[in-house]
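*Asks:* FYI, numbering that gives the first Met the number 0 numbers position 3 of the sequence shown as 2, with every residue one higher than the one before it. C-beta: ideal position from N, C-alpha, C; glycine also. I have a structure here, written as structure tokens, and I will follow up with some questions on it.
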Amino acid sequence: MIIDIHGHLGNINFAKFWQADAPTLERYCDESNTDLLCLSSSRSIMYDVREGNAELDKALKETEKLLGYVVVSPTFPESLADLSYLKTNPKFKGVKVHPDYHGYILPTKSNRDFIEEVADQTPMMLFHVSCMPGTGFSPGKTVCEIAKNHPKTKFVLAHVAGLFQNGNYPFFPNMDSLEEVMQIAGDNVYIDTAHFLIYVYPGVMEKMVKIATADHIVYGTDVPLQGPMQMRFAQDAIRALDIPDADKEKIFSGNAKKVLGL
Numbered sequence: 000m001i002i003d004i005h006g007h008l009g010n011i012n013f014a015k016f017w018q019a020d021a022p023t024l025e026r027y028c029d030e031s032n033t034d035l036l037c038l039s040s041s042r043s044i045m046y047d048v049r050e051g052n053a054e055l056d057k058a059l060k061e062t063e064k065l066l067g068y069v070v071v072s073p074t075f076p077e078s079l080a081d082l083s084y085l086k087t088n089p090k091f092k093g094v095k096v097h098p099d100y101h102g103y104i105l106p107t108k109s110n111r112d113f114i115e116e117v118a119d120q121t122p123m124m125l126f127h128v129s130c131m132p133g134t135g136f137s138p139g140k141t142v143c144e145i146a147k148n149h150p151k152t153k154f155v156l157a158h159v160a161g162l163f164q165n166g167n168y169p170f171f172p173n174m175d176s177l178e179e180v181m182q183i184a185g186d187n188v189y190i191d192t193a194h195f196l197i198y199v200y201p202g203v204m205e206k207m208v209k210i211a212t213a214d215h216i217v218y219g220t221d222v223p224l225q226g227p228m229q230m231r232f233a234q235d236a237i238r239a240l241d242i243p244d245a246d247k248e249k250i251f252s253g254n255a256k257k258v259l260g261l
């Protein structure tokens, strides 16, 4: 079984080549042999939080393979009301947090207090952790500190906890954030694979597994940023790992089942 824990409904960055409606996303799942895809609304992240959450609620009711995240943000505190979707639509499995696009810094006390309040009301949270050099709106270390305060909630750090390609040494992807995170991460912290560098450069997935271990990695692709062909590339990178099949199963679906409560 393959569960993709990181996707988006709609149009990423308003680019036509990074857009997918619900039927397209289900087709992407079929073409990449993905059984379930958990996603947030691009509209919620980039335009209107509540409008996007409502759009996703409707799409989840009309599809088979899609699950969802409610997007909330201290920039738009009225979004707290949308946590009701976690009770009214069982296909919503948790919350997505994206400080970069919503323009706030997670460690700031008022923002962190907002997120701490949300963490008490959801079984899991997926955090965008920046994979762009020079940004740090949601440091992995801060997410781990929040996770320690909410041991019953599962926390997922996206994009290999901030993996980026070093501009000065482009052939050496930077995993400093992942290493820092795993030094303090509790059992309720997971890292997703949503980054093209995991299959572009040999050794990236191997190093990720060495640092985080298979017990803390969940498969994610950032679809439709990664189309069905690239989704298969990511799967191939995991299958090529020299680790037991049981560990590959954890990465592909076992850990995601725990995180999403399946």
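What are the start and end residues of the beta strand (DSSP E) that includes Y68?
*Replies:* Here the beta strand (DSSP E) through Y68 covers 65-70.
*Asks:* Quick one: what does DSSP say P172 is sitting in, helix, strand or coil?
*Replies:* Three-state DSSP puts P172 in a strand.
*Asks:* With three or more C-beta pairs closer than 8 Å as the rule, is the stretch 239-253 touching the stretch 48-67?
*Replies:* The stretch 48-67 vs the stretch 239-253: no contact.
*Asks:* Closer than 8 Å is the cut-off here; do at least three beta carbon pairs connect the stretch 161-175 with the stretch 214-222?
*Replies:* Judged by Cβ distances under 8 Å, the stretch 161-175 makes no contact with the stretch 214-222, as fewer than three pairs qualify.
*Asks:* Which ranges would you report for the alpha helix (DSSP H) in the stretch 171-238 if only whole runs of at least 4 residues count?
*Replies:* 175-183, 196-199, 203-211, 227-238, all fully within the stretch 171-238.
*Asks:* Helix, strand or coil for M0, going by three-state DSSP, please let me know.
*Replies:* DSSP places M0 in coil when its eight states are reduced to three.
*Asks:* Hey, quick one: how far does the beta strand (DSSP E) through S137 stretch, first residue to last?
*Replies:* Careful: S137 lies outside any beta strand (DSSP E) and carries neither H nor E.
*Asks:* Cβ of I197 within 8 Å of Cβ of V188?
*Replies:* No. Outside cutoff.
*Asks:* What whole-angstrom Cβ distance do C37 and G67 have, given they're in contact under 8 Å?
*Replies:* The pair is a contact, with the Cβ atoms about 7 Å apart (cut-off 8 Å).
*Asks:* Pull up the CB-CB distance for F163 and M131, whole angstroms please, since I reckon it's below 8 Å.
*Replies:* The Cβ separation is near 6 Å, so the contact holds.
*Asks:* With distances taken from CA atoms, which of D20, E61, P76 is nearest D47?
*Replies:* It is P76.
*Asks:* Tell me where the alpha helix (DSSP H) around C28 begins and ends.
*Replies:* Where C28 is concerned, the enclosing alpha helix (DSSP H) stretches over 21-30.
*Asks:* Thinking C-alpha only, which one of P98, A211, D244 is nearest S129?
*Replies:* Nearest option by C-alpha distance: P98.
*Asks:* What would DSSP say about N10, mapped onto helix, strand or coil?
*Replies:* Three-state DSSP puts N10 in a strand.
*Asks:* On the criterion of 16 or more Cβ atoms from any shown chain inside 10 Å, does Y103 qualify as buried, or is it exposed?
*Replies:* With 16 or more Cβ atoms within 10 Å of its Cβ, Y103 is classed as buried.
*Asks:* Hey, quick one: how far does the beta strand (DSSP E) through G161 stretch, first residue to last?
*Replies:* It is not in any beta strand (DSSP E) - G161 instead sits in the alpha helix (DSSP H) that spans 158-161.
*Asks:* Applying the 10 Å Cβ sphere with the 16-neighbour rule, what's the burial state of S43?
*Replies:* S43 is buried by the Cβ-count criterion.
*Asks:* With a threshold of 16 other CB atoms inside 10 Å of the CB of D119, please say whether the residue is buried or exposed.
*Replies:* Exposed.
*Asks:* Report yes if the C-beta of P227 is less than 7 Å from at least one heavy atom of the ligand SAM; otherwise report no.
*Replies:* This structure does not include the ligand SAM; it has no bound ligands of any sort.
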